[in-house]
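Down below is the structure, laid out as structure tokens.
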Amino acid sequence: MNKKLKVALVGILLVLIGAFLSIPKIVSFGGTVLGGYSASYGVLNAILTVIGISLILSGIFLISAGLKKLTFVLASIIVFVIIFSVGTIFSFKSIISVSDDEQAAEIKIEASSPDAVPVEIPMGSDTKAIADILSEDGIITKPQVFKIVSKLNGYDGKYQAGTHILKKGLDLKSVMEILVSKPESVKITIPEGLTYKQIVGKFVAKGIAIGDKFDYAMKYEKYDYDFVNQIKNINNREFILEGYLFPDTYEFSMNPGEKKIINIMLSNFDSKLTKEHYKRAQELGMTMDEIITLASIIEREASTSSDRRLVSAVFHKRLKSKQAYLQKLQSCATLQYIFLNREGKVHEQITYEDTNVEDAYNTYIHPGLPPGPICSPGMDSINAALYPDEDTDYMFFIATGDGTTKFTKSYEEHLKAMKQYGLAK
């Protein structure tokens, strides 16, 4: 073998040994930093890197000496281009790729863990917006790297909207795996006729809300809806938006936030009301808040569509009556609302003493509608409040106890019906 060729081969060997000692350290450190994490190079790594680079330079010198056609500078350029091209490829690959086992592993962070960070991804967010959100929440430090890695791995367009539970220190791939999976959620059904406190109790029981925080959000947060801004009568109302948390089945992500829950329910309510509903309320000479208040009483007093329209007719007639005693709606449902708020439970049977309890919501002693809704009514009751049965002259009614309602035209007939159903002696 030619002596010069042997020298060149020794040089190549030194370059390979030097690359083995130094390049993996540099690649690992660079990959960690590029991935958005802090890293310490270490004394040992520094020593090995210096030795490795020295061997590479010595190898390059021998290569250029053995192959005279290659100058030292040209040989250096060729070697370093090859080494760092390979190093860059492996470095970038280490960032954008994980093993099959890691990909298969389910990544789940408990919302209750102390280092959990709920991250809200709005509907329609693109990768740039998501990267900015993650950066603001401290999950990543280099949004640009996130966008590149997301693009190369095919995650763009696959991220799921909702509240995801993340934590600081996760590698980029883990963050992406969590964001492309559907956020953990819980379904909750709010039936018609529940009071605000009963609704809150359901959310608390599901573990997605805290009572005190819900109360604060209900009392002090601002909600930009026309029907909210039109509520004028706020006296004697602990929760102004009582009655407006629309009954329905909802699906919430874990830890959605109390204000968001309220906003979603108010938005649902807003979507149900049309211009025709508001127009009809004006035709009746009532505000929408008065309609919802009336509907909430109807909701608690009757259980069928036909009965609700008849109950609505009775209340509309009494509200317009010129006789003082008829202007008092005398609804047991308003009394039960009082007891539920004061005592946490309803009374099994309404007594004479109950009808005289001093409270703004007591329609036995105060004429007209109460200060506000007593529950969240459904659309059937809202429509009944807007469109009462116009072909009746009933002025009284009682609940018979079997889910039906007994209607009467005069007070004498009303007393007779009460005795018939054991509600009076």
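Here the sequence shown is numbered in my numbering, starting from 13 and rising by one per residue. Glycine included, each C-beta is placed from N, C-alpha and C at the ideal position.
Inter-residue spacing [alpha-carbon to alpha-carbon] between residue i and residue j
i	j	result
Val-240	Gln-432	44 Å
Gly-213	Gly-223	8 Å
Lys-421	Asp-319	15 Å
Lys-120	Glu-196	10 Å
Glu-424	Leu-296	29 Å
Leu-386	Gly-255	Leu is not the amino acid found at residue 386; the sequence shown has Ile there. So the alpha carbons of these two residues sit roughly 6 Å apart.
Thr-367	Met-430	16 Å
Ile-29	Ala-128	45 Å
Leu-21	Ile-59	25 Å
Leu-26	Leu-69	9 Å
Glu-370	Arg-354	12 Å
Ile-72	Thr-61	16 Å
Tyr-373	Pro-379	10 Å
Thr-363	Tyr-349	15 Å
Arg-330	Tyr-337	9 Å
Gly-219	Ile-65	58 Å
Leu-178	Asp-149	10 Å
Asp-183	Ala-217	34 Å
Glu-365	Asp-227	31 Å
Thr-286	Asp-403	26 Å
Gln-242	Arg-249	15 Å
Met-391	Phe-215	22 Å
Tyr-171	Gln-361	55 Å
Thr-153	Ser-193	22 Å
Ser-137	Gly-181	23 Å
7 Å Cβ cutoff met for residue i and residue j
i	j	result
Thr-416	Phe-409	no
Phe-158	Ala-173	no
Ser-308	Pro-389	yes
Ala-314	Val-326	no
Glu-270	Ala-229	yes
Gln-342	Tyr-376	yes
Buried/exposed call for residue i, threshold 16 Cβ in 10 Å
i	result
Ser-50	At Ser-50 the pLDDT is 48, less than 50, meaning the model places this residue with poor confidence and gives no usable figure here.
Ser-162	buried
Leu-56	exposed
Asp-414	exposed
Pro-126	exposed
Phe-32	exposed
Ser-317	exposed
Met-407	buried
Lys-284	exposed
Pro-400	buried
Leu-17	exposed
Glu-204	buried
Lys-185	buried
Met-298	buried
Contact belief for residue i with residue j at Cβ below 8 Å, rounded distance in angstroms
i	j	result
Lys-199	Glu-263	5 Å
Val-187	Ile-151	6 Å
Leu-206	Ala-293	Contact flag wrong, Cβ pair sits at about 23 Å.
Ala-221	Ile-273	6 Å
Arg-321	Ala-396	5 Å
Pro-155	Asn-267	Incorrect: roughly 24 Å between the Cβ atoms, too far for contact.
Phe-251	Lys-231	7 Å
Asp-7	Tyr-237	Since the first and last residues shown for the chain are 13 and 437, residue 7 lies out of range.
Asp-202	Ile-190	The sequence given here has Ile at residue 202, not Asp. Not confirmed; about 29 Å, so no contact.
Contacting residues, own chain, Cβ-Cβ under 7 Å from residue i (five flanking each side not counted)
i	result
Leu-427	Ala-436
Asn-280	Phe-258 and Asp-260
Gly-434	none
Glu-302	Leu-381
Ala-345	Ile-309, Arg-312, Glu-313 and Ile-386
Tyr-290	Met-300
Met-135	Ala-173
Glu-122	Ala-128
Met-247	Contrary to the premise, residue 247 reads as Asn rather than Met in this sequence. Closer than 7 Å at Cβ, skipping near neighbours: Pro-383.
Cβ neighbours of residue i in the same chain (closer than 6 Å, five flanking residues each side left out)
i	result
Ser-265	Gly-174, Thr-175, Pro-195 and Ser-197
Phe-351	Val-358 and His-359
Ser-333	Gln-339
Asp-405	Lys-421
Ser-147	Pro-155
Ile-394	Ala-307
Asp-168	Thr-139 and Ser-162
Ile-304	Gly-255 and Pro-385
Phe-419	Leu-322, Tyr-406 and Phe-409
His-328	Pro-400
Cutoff 8 Å; reference residue i; Cβ partners in own chain excluding five residues on either side
i	result
Asn-275	Tyr-235
Leu-278	Tyr-235, Tyr-237, Val-240, Leu-253, Tyr-256, Leu-257 and Phe-258
Asn-483	An answer regarding residue 483 cannot be provided, because it is not within the stretch 13 to 437 covered by the chain.
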